[in-house]
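A short worksheet on the structure shown next.
Protein chains in written order, with the numbering used here: chain A, 34 to 346; chain B, 2 to 275.
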């Protein structure tokens with residue numbers, strides 16, 4: 034008579050049959066992830082110490098040259114810019130995302146679920162298309178500039194005719210040419226904030242929702258004003274969400290490829306574009322591998338911080 | 002005392018108004034670009050940003066575009082194959098991770114989460130390098146392999162969230178009623194976690210349809226998918242035709258994601274995935 038469940042409830046496999054079952058359950062994924070994830074990952078690591086062959090292949094002689102090339106001022110500058118763009122993106126996401134999370138968390142529960150759903154739906158859809166949407170807005174002939182050199186310019190013309198003041202002249206001059214939005218770091222940052230804002234909001238929301246509001250009331254009873262009770266009580270208690278969100282925004286921003294490619298110009302390339310060109314046009318696999326390995330190392334560090342922040346809460 | 006009370010109240014009212022205004026603005030920021038993109042796909046003008054009246058002609062040109070037909074076929078083949086494989090593997094591994102403890106579980110868990118966290122450019126580069134060095138011809142097969150590699154993790158996360166809320170006593174009840182192991186699994190466990198499996202499958206399908214970077218690196222000649230097509234169209238210049246194609250893709254994937262999220266929420270498990 035068999036009365037054991039097909040899958041045991043929990044714990045270590047209790048019998049040989051259970052062990053066999055466990056193995057058959059994990060082995061397909063284990064195989065796939067080892068062959069098509071772990072081995073490629075190690076390959077990138079190994080090749081980053083190799084050398085570019087004459088015809089684009091890889092010569093396997095151990096060298097640190099590729100990591101040395103990082104300190105070439107050209108790449109150092111791009112790397113520095115990438116880090117700054119990712120940091121600014123993270124800070125902006127935090128400034129927009131934290132109050133938004135607070136707003137969602139303080140709605141009645143029925144609204145809360147709708148708002149969360151609305152936040153997540155665009156997040157899972159095509160990043161390329163969402164970036165293209167910003168291209169339509171930010172171009173020289175885009176919607177923002179159409180308003181700037183069209184509607185706003187005409188309005189100023191009308192105003193200056195009705196009310197002659199010297200200030201109109203400078204404003205008219207300013208609105209006669211499109212704003213240089215497209216192809217700038219600003220455009221990249223807007224695109225990245227747009228893309229990763231939900232990554233910031235969700236962990237912050239989770240932390241704020243868990244917050245015991247009676248602690249805030251206690252602080253206010255003890256004559257802490259709103260600012261103080263926020264800085265001394267709310268913020269420290271939701272810090273885990275802030276850290277988790279920041280890591281989740283910073284990592285993909287650092288590795289951005291599509292955003293700088295579509296919204297940035299020739300002068301505003303990021304490290305992701307360098308990786309792309311090493312693999313697709315320069316065919317310098319070892320150098321491309323070295324760059325992406327550095328990127329992954331930073332990512333791993335970020336992940337460690339992420340799980341630490343999760344463990345504390 | 003009374004004075005400070007009203008002042009405090011007034012400040013708090015202004016605070017909450019400001020917060021609400023910020024909330025509304027944020028949602029406008031999230032949706033306005035998408036709405037504008039969709040609205041201008043119905044534009045009669047050939048310029049993407051000047052409105053010249055309502056027209057469906059750009060959707061008509063999509064139908065006439067033969068290259069898009071191939072891209073659509075490729076997209077569906079890749080998404081279909083990778084969804085089936087990753088849903089089966091991901092569900093199996095989720096069952097194992099929720100029900101068993103074993104040596105090296107923590108390491109395996111990390112390996113399972115890595116494809117979600119790693120920047121897609123790094124994963125793309127890794128896979129390209131692997132395929133080039135093992136001399137596997139780039140094409141639909143390599144795209145499918147790569148999509149399965151990231152989708153297994155997403156399916157596993159979704160199914161595990163569902164399993165975490167699984168009431169084990171239901172299985173015990175089935176056994177008490179003399180259901181054998183297989184019957185218990187087929188009639189009790191599987192139906193109960195089915196919303197999670199379907200949610201995971203839908204998510205995998207959407208991620209596969211929408212993926213650009215990893216597909217871009219692992220595609221070969223003749224294996225162009227819709228996002229790759231959109232990318233090359235955008236590179237050639239902005240046209241309302243791109244808006245039309247993008248709108249269709251957005252509507253399809255938003256629908257799928259919404260369905261997936263609702264399925265995941267169905268068990269009272271809440272929205273578990275980021």
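A virtual CB, placed ideally from N, CA and C, is assigned to each residue, including glycine.
Since the structure is predicted, the reported quantities are computational estimates derived from the model, not experimental observations.
Is residue i buried or exposed, if buried means 16 or more other CB atoms sit within 10 Å of its CB?
i	result
residue 38(B)	buried
residue 318(A)	buried
residue 264(B)	buried
residue 27(B)	buried
residue 311(A)	buried
residue 172(A)	buried
residue 211(B)	buried
residue 54(B)	exposed
residue 274(A)	buried
residue 294(A)	buried
residue 21(B)	exposed
residue 219(B)	buried
residue 250(A)	exposed
residue 217(B)	buried
Strictly by DSSP, which residues pair up with residue i?
i	result
residue 282(A)	Per DSSP, none; premise fails for residue 282(A).
residue 92(A)	84(A)
residue 297(A)	216(A)
residue 44(B)	55(B)
Output yes or no for whether 7 angstroms exceeds the beta carbon distance between residue i and residue j.
i	j	result
residue 205(B)	residue 156(B)	yes
residue 339(A)	residue 277(A)	yes
residue 77(A)	residue 326(A)	yes
residue 148(A)	residue 137(A)	yes
residue 134(A)	residue 226(A)	no
residue 1(B)	residue 199(B)	One cannot answer for residue 1(B) here, as it falls past the ends of chain B, which runs 2 to 275.
residue 323(A)	residue 99(A)	yes
residue 145(B)	residue 82(B)	yes
residue 189(A)	residue 181(A)	no
residue 139(B)	residue 132(B)	yes
residue 113(B)	residue 154(B)	yes
residue 125(B)	residue 194(B)	no
residue 331(A)	residue 321(A)	no
residue 152(A)	residue 46(A)	no
residue 90(B)	residue 61(A)	yes
7 angstroms is my cut-off, CB to CB: does residue i come that close to chain A?
i	result
residue 148(B)	no
residue 211(B)	yes
residue 44(B)	no
residue 60(B)	no
residue 247(B)	yes
residue 101(B)	yes
residue 34(B)	yes
residue 24(B)	yes
residue 122(B)	yes
residue 83(B)	no
residue 222(B)	no
residue 118(B)	yes
residue 235(B)	yes
residue 160(B)	no
residue 258(B)	yes
Beta-carbon within less than 8 angstroms of residue i's beta-carbon, same chain only, minus the 5 sequence neighbours each way: which residues are those?
i	result
residue 94(A)	83 and 84
residue 174(A)	211
residue 169(A)	175 and 176
residue 254(B)	207, 210 and 211
Can you check whether the C-beta of residue i is within less than 7 angstroms of a C-beta belonging to chain B?
i	result
residue 159(A)	yes
residue 154(A)	yes
residue 312(A)	yes
residue 325(A)	yes
residue 211(A)	no
residue 338(A)	no
residue 328(A)	yes
residue 132(A)	yes
residue 195(A)	no
For residue i, which residues of its own chain have a beta-carbon under 7 angstroms away from its beta-carbon, when the five flanking residues on both sides are left out?
i	result
residue 289(A)	225, 303 and 305
residue 160(A)	228 and 291
residue 63(B)	69, 242, 245 and 246
residue 172(B)	185, 189 and 190
residue 95(B)	157, 160, 161 and 164
residue 244(A)	267, 270 and 271
Within the same chain, show all residues whose beta-carbon is closer than 6 angstroms to that of residue i, passing over the 5 residues directly before and after it, in chain order.
i	result
residue 97(A)	none
residue 298(A)	216
residue 286(A)	119, 122 and 225
residue 123(B)	none
List, in order along the chain, the chain D residues whose C-beta lies closer than 8 angstroms to that of residue i?
i	result
residue 62(A)	The chain inventory of the structure shown lacks chain D, comprising the protein chains A and B.
Cβ of residue i versus every heavy atom of the ligand NAP: is any distance shorter than 6 angstroms?
i	result
residue 211(B)	As presented, the structure is devoid of all ligands, the ligand NAP included, so that no description of it is given.
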